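If you use this note's numbering, the first sequence closes out at 627, no skipped numbers anywhere.
Below: one structure, written as structure tokens.
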Amino acid sequence: MILIPVELTRVVREALAALQAEGKLPAFDLPALDVRSSKRAGQGDYSVALMGLAKPARMNPAQIAVLVAEQVMKPDYVAKAEAVAPGYLNFWLDEAWLKAQADAIIAEGEVLGELAEGQGKRAQVEFVSANPTAPLHIGRSRGAIVGDTMARLLEAAGYAVEREYYFNNAGAQMRALGNSLRIRYLEALGLPYEMIDDERKSFYQGNYLKDFAAQLVAEVGDSWLNKGYEAFKLYAEVKMFEMIKATLARVDIQHDVFFNENTLYDSGANDAVLERLDRAGYIYRAAAPETDGGAPDDDDAKEAGKGEAIWFRSSRFGDPKDRVMVKSSGEPTYTLPDIAYHVNKLERGFDLAVNVLGADHNTQYQVVRNGLTALGYDADKVHVIIVQLVALLRGGEVVRMSSRAGNFETLDDLIDQTSPDAVRYMLLARSSDTHLNFDLDLAVKKSNDNPVYYIQYAHVRCAGIFREAAARGVTDDGADLSLLGEPEMRFLRKALELPEVIADSVEFFEPHRIAFYALELANIFHPIFDSVRVLGVDVPPELAAARLRFFKAAQAIFRRSLRLMGMTTPEVM
RNA sequence: GCCCCUGUAGUUCAACGGAUAGAACAAAGACCUUCUAAGUCUGAGGUUACAGGUUCGAAUCCUGUCAGGGGCACCA
């Protein structure tokens with residue numbers, strides 16, 4: 055398949071250059087031109103607006119369009135190029151070529167719609183990156199689905215992609231986890247344990263720790279009675295990661311690399327970053343920041359009371375305040391390793407690093423960007439997708455999520471109640487910029503309210519035709535695709551947009567586009583299924599063969615679209 | 001107070017500065033001897049929160065106002 059808009063844009067630019075060379079158009083720098091698929095029947099299959107040329111050319115744009123229409127070297131797949139007031143140029147695909155694309159689609163198989171743009175380039179997508187303290191909850195799920203789908207789309211665009219999970223198994227939260235497991239362990243042994251206030255505050259109440267404790271008792275009996283929290287922490291961490299990986303696997307997500315934040319301490323990467331920032335003049339030691347940005351309730355006395363910390367002059371890059379790199383206790387904050395981690399990414403030579411974060415981290419990534427810029431890196435190589443928060447709705451009411459309180463809705467819960475496919479689709483089919491209301495009642499419903507069924511049903515219906523055709527001995531041998539009609543062509547036109555959907559998703563880092571595309575495909579498909587019969591008594595054999603071939607192409611497009619979304623491709627439903 | 005995101009049909013959401021703002025669901029009415037009705041067909045539904053501005057052209061860009069969400073730690 056070819057990227058038709060890109061090809062046609064090139065063709066139009068060549069025509070304009072030729073017109074300028076011949077003096078039919080004055081010389082001027084061409085502004086950006088965008089050929090895109092047309093929205094409306096009657097306006098061609100692809101079109102471009104040339105009105106922007108009117109001013110630099112000092113000519114009527116409709117005249118320019120006419121000139122270009124005459125000049126343009128039509129590729130073999132274009133039947134007609136037509137100028138329309140006030141300055142549009144519409145392209146009509148050649149129908150014979152269009153019908154023949156059914157074979158081209160089938161021939162591409164698993165890599166259908168693959169692009170050349172990422173060839174030879176390496177991309178990394180970092181997503182999920184939850185510390186192993188609790189099962190994945192819905193808030194993380196959105197980033198997980200968006201990240202993995204982004205990775206799949208980058209692969210389709212030709213990139214070699216690595217999926218990475220960044221985590222920290224040190225720190226107070228993990229200590230609390232170990233301690234919580236220890237308490238559950240004692241409980242499981244029937245030993246009462248009275249928590250002190252600090253413990254109660256940091257206690258992880260989730261049932262998963264009861265399960266871990268029960269397993270631990272089964273494995274080691276009471277021999278861990280006198281062990282400290284470290285042993286329990288380690289045990290909990292291993293179990294937690296098993297659980298997280300298993301959950302992710304249910305929605306077909308696998309990370310290639312698990313990057314432990316601790317290695318940045320051990321390797322001296324943190325110190326190196328600090329030293330480089332210092333040498334560049336972005337570091338100072340003080341009890342209070344030079345710039346505090348006027349945050350509310352900002353109690354300088356409180357900060358000053360903590361002693362001298364090491365600060366990064368983030369405010370030099372537009373940040374309202376400077377940020378602490380090393381606490382007065384001598385421990386780095388998470389910001390320092392975060393910057394060191396991104397330095398590490400860029401040093402690994404990725405051409406592109408995509409980072410999927412929740413909206414609550416959006417200040418943090420600005421600081422990381424500033425750090426990279428201060429160190430002389432091209433911060434634009436790191437692209438951050440901020441996914442807005444997910445609200446769970448049940449019975450029209452917002453369900454509160456809190457991993458500490460243990461009343462959260464986990465990704466596992468959600469999958470249990472719906473299906474991996476429904477979860478993937480519903481979390482994907484929204485722009486990352488918008489808040490997502492996840493209606494649990496709706497997701498639980500197995501009805502056509504849920505577009506996931508509608509899309510998969512198209513794939514299933516194709517499979518049904520193939521089964522029945524095989525049973526009746528009908529084949530597509532020697533299919534004459536020229537026999538296909540207007541409805542099939544309508545589907546094929548949309549099918550040919552797959553490469554541009556992939557290209558746009560990657561260009562704008564908007565993986566939700568594939569979800570809407572798949573739904574549009576299904577919307578076009580189902581009416582065709584009803585009206586374009588393969589096995590009807592009144593369908594001549596030659597027509598049946600052509601239609602059967604068409605449905606093979608249709609199924610291939612659905613299969614590819616579903617796989618790009620990480621969804622299954624059922625044969626029956 | 002400052003920063004980020006959002007405001008589009010009854011609802012959930014699309015629409016990379018281009019032509020008549022699109023789907024799905026809900027609500028109204030028709031279709032199953034026919035490759036799966038988890039489907040199809042027919043209508044209806046809009047001052048794109050509001051006010052200015054830029055532009056040949058604005059849902060989209062800019063400014064302001066209002067409303068909702070998230071953030072503004074020597075927590076991660």
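Just so it is clear, CB atoms sit at the ideal spot from N, CA and C, and this is done for glycine as well.
These figures come from a predicted structure and were not determined experimentally.
Got a sec? Which residues, its chain only, sit under 6 Å from Ala133 by beta carbon, not counting five neighbours each side? Within the first sequence, residue 133 is the residue found at index 79, counting from 1. Hits under 6 Å: Trp146 and Asp148.
Does the beta-carbon of Val311 have 16 or more other beta-carbons within 10 angstroms, so that it is buried, or is it exposed? The sequence position of residue 311 within the first sequence is 257, counting from 1. Counting Cβ neighbours within 10 Å, Val311 comes out exposed, since fewer than 16 surround it.
Mind checking whether Leu143 and Lys78 have CB atoms under 8 Å apart? Taking the first sequence and counting its residues from 1, the one referred to as residue 143 is at position 89. Taking the first sequence and counting its residues from 1, the one referred to as residue 78 is at position 24. Result no, Cβ atoms of Leu143 and Lys78 do not sit closer than 8 Å.
Under 6 Å Cβ to Cβ from Pro110, same chain only, skipping five residues before and after it: list those, please. Translated into positions along the first sequence, residue 110 becomes position 56. Same-chain partners within the cutoff: Phe82.
Whole-angstrom distance between His309 and Asp353, CA atom to CA atom: For this step, residue 353 is matched to residue 299 along the first sequence. For this step, residue 309 is matched to residue 255 along the first sequence. Only weak support is given to the placement of Asp353: the predicted model assigns it a pLDDT of 47, under 50, and the value that follows is read from those uncertain coordinates. Cα to Cα, Asp353 sits roughly 42 Å from His309.
Pick helix, strand or coil for Ser91, following the three-state DSSP scheme. Along the first sequence, read from residue 1 onward, the residue named residue 91 stands at position 37. Ser91: strand per DSSP, three-state reduction.
Evaluate Lys255 with the Cβ neighbour count: other Cβ atoms within 10 Å of its Cβ, from every protein chain shown; 16 or more gives buried, anything less gives exposed. Position 201 of the first sequence, counted from the first residue, corresponds to residue 255. Exposed, since its Cβ has fewer than 16 Cβ neighbours within 10 Å.
Any contact of the stretch 539-559 with the stretch 176-191, i.e. 3+ C-beta pairs under 8 Å? no
Cα-Cα, which of Gly225, Gln178 and Pro581 is closest to Ala214? Numbered from 1 along the first sequence, position 160 holds the residue referred to as residue 214. Of the candidates Gly225, Gln178 and Pro581, the one whose C-alpha sits nearest the C-alpha of Ala214 is Gln178.
Give me, in chain order, the residues of the same chain whose beta-carbon lies closer than 8 Å to that of Ser615; leave out the 5 immediate sequence neighbours on both sides. Locating residue 615 in the first sequence gives position 561, where the first residue counts as 1. So the qualifying residues of the chain are Ile509, Leu552, Ile568, Tyr571, Ala572 and Leu575.
Nearest residue (CA-CA) to Ile56, options Leu84, Ala158 and Leu426: Counted from its first residue, the first sequence places residue 56 at position 2. Nearest of Leu84, Ala158 and Leu426 to Ile56, Cα basis: Ala158.
Identity of the residue in Gly532, Gln227 and Gly260 nearest Asp252 by Cα: Locating residue 252 in the first sequence gives position 198, counting from the first residue. The residue with the shortest Cα to Cα distance from Asp252 is Gln227.
Option nearest Arg544 by Cα separation, candidates Ala156, Thr387, Leu190 and Ile199: One-based indexing of the first sequence puts residue 544 at position 490. Measuring from the Cα of Arg544, the nearest candidate turns out to be Ala156.
Measuring alpha carbon to alpha carbon, tell me which residue in Ala533, Ala224 and Leu208 is nearest Asp558. Residue 558 sits at position 504 when you count from the first residue of the first sequence. For Asp558, the nearest C-alpha among the options comes from Leu208.
Helix, strand or coil for Lys281 per DSSP? Within the first sequence, the letter at position 227 stands for residue 281. Lys281: coil per DSSP, three-state reduction.
Per DSSP, which one or two residues make a beta bridge with Trp365? Here residue 365 is taken as the residue at index 311 of the first sequence, counted from 1. Beta-bridge pairing links Trp365 to Tyr338 and Val378.
Would you check if the distance between the CB atom of Tyr336 and the CB atom of Arg370 is smaller than 8 Å? Taking the first residue of the first sequence as 1, we reach residue 336 at position 282. Taking the first residue of the first sequence as 1, we reach residue 370 at position 316. Contact: yes.
Going by beta carbon distance, what residues of the same chain come within less than 7 Å of Ala476, once the five residues before and after it are set aside? As a first step, residue 476 must be located in the first sequence, where it is residue number 422. Here the set comprises Ala497, Asn504 and Val506.
Simplified DSSP state of Asp351, which is helix, strand or coil: By 1-based counting over the first sequence, the position of residue 351 is 297. For Asp351, the pLDDT reaches just 49, beneath the cut-off of 50, and the residue's location in the model is therefore unreliable, although a value from the coordinates is still provided. Note: Asp351 maps to coil in three-state DSSP.
Start-end ranges of the alpha helix (DSSP H) lying completely within the stretch 411-494, minimum 4 residues: 416-428, 465-471 and 474-482
Taking Val65 as the reference, give the member of Pro80, Asp88 and Glu76 with the closest Cα. As a first step, residue 65 must be located in the first sequence, where it is residue number 11. Nearest of Pro80, Asp88 and Glu76 to Val65, Cα basis: Asp88.
When you compare each of Gly225, Pro474, Ile118 and Arg176 to Pro391 by their alpha carbons, which one comes out closest? Within the first sequence, the letter at position 337 stands for residue 391. Nearest of Gly225, Pro474, Ile118 and Arg176 to Pro391, Cα basis: Gly225.
Candidates Lys281, Val305, Pro541 and Phe366: closest to Arg617 by CA position: By 1-based counting over the first sequence, the position of residue 617 is 563. Residue Val305 is the option with its Cα nearest to Arg617.
Inter-residue spacing [alpha-carbon to alpha-carbon] between Tyr419 and Val438: Looking up residue 419 in the first sequence gives position 365. Looking up residue 438 in the first sequence gives position 384. Cα to Cα, Tyr419 sits roughly 8 Å from Val438.
Quick check on Lys255: does DSSP put it in helix, strand or coil? Within the first sequence, residue 255 is the residue found at index 201, counting from 1. Helix.
What does DSSP give as the partner residue(s) for Trp146 in the beta ladder? For this step, residue 146 is matched to residue 92 along the first sequence. In the DSSP output, where bridge partners are listed per residue, Trp146 has Lys134.
Can you give me the Cβ contacts of Asp530 inside the same chain, cut-off strictly under 7 Å, excluding the 5 residues immediately before and after it? The residue given as residue 530 occupies position 476 in the first sequence. For Asp530, where only same-chain residues beyond five positions count, the Cβ hits under 7 Å are Ala599, Leu602, Arg603 and Lys606.
Where does Asp351 land, buried or exposed, given buried means 16+ other C-beta within 10 angstroms? Here residue 351 refers to the residue found at position 297 when the first sequence is read from its first residue. Unreliable placement is indicated for Asp351, whose pLDDT of 49 sits below 50; the coordinate value is still reported in the next sentence. When all chains shown are included, Asp351 counts as exposed.
Label Gln609 either buried or exposed according to how many other C-beta atoms from any shown protein chain fall within 10 Å of its C-beta, with 16 as the threshold for buried. Mapped onto the first sequence, residue 609 falls at position 555. Gln609 is buried by the Cβ-count criterion.
Would you call the CB atoms of Leu231 and Ala323 closer than 8 Å? In the first sequence, the residue the question calls residue 231 occupies position 177. In the first sequence, the residue the question calls residue 323 occupies position 269. No. Outside cutoff.
Among the residues of its own chain, which have a CB less than 7 Å from the CB of Phe295, if the five just before and after it don't count? Residue 295 sits at position 241 when you count from the first residue of the first sequence. Here the set comprises Pro186.
For Arg217, which residues does DSSP report across the bridge? For the purposes of this step, residue 217 is taken as the residue at position 163 of the first sequence. Val179, per the DSSP bridge assignment.
Roughly how many angstroms separate the alpha carbons of Glu168 and Val555, rounded to a whole number? Taking the first residue of the first sequence as position 1, residue 168 is located at position 114. Taking the first residue of the first sequence as position 1, residue 555 is located at position 501. So the two alpha carbons sit approximately 11 Å from each other.
Within 10 angstroms of its Cβ, does Asn280 collect 16 or more other Cβ (buried), or is it exposed? Along the first sequence, one-based indexing puts residue 280 at 226. Asn280 comes out exposed.
CA-to-CA distance, Val292 to Gly460, given in whole angstroms: Mapped onto the first sequence, residue 460 falls at position 406. Mapped onto the first sequence, residue 292 falls at position 238. With a pLDDT of only 44 at Gly460, under 50, the local geometry of the prediction cannot be trusted, and no value is derived from it.
Is Phe562 buried or exposed, if buried means 16 or more other CB atoms sit within 10 Å of its CB? One-based indexing of the first sequence puts residue 562 at position 508. Exposed.
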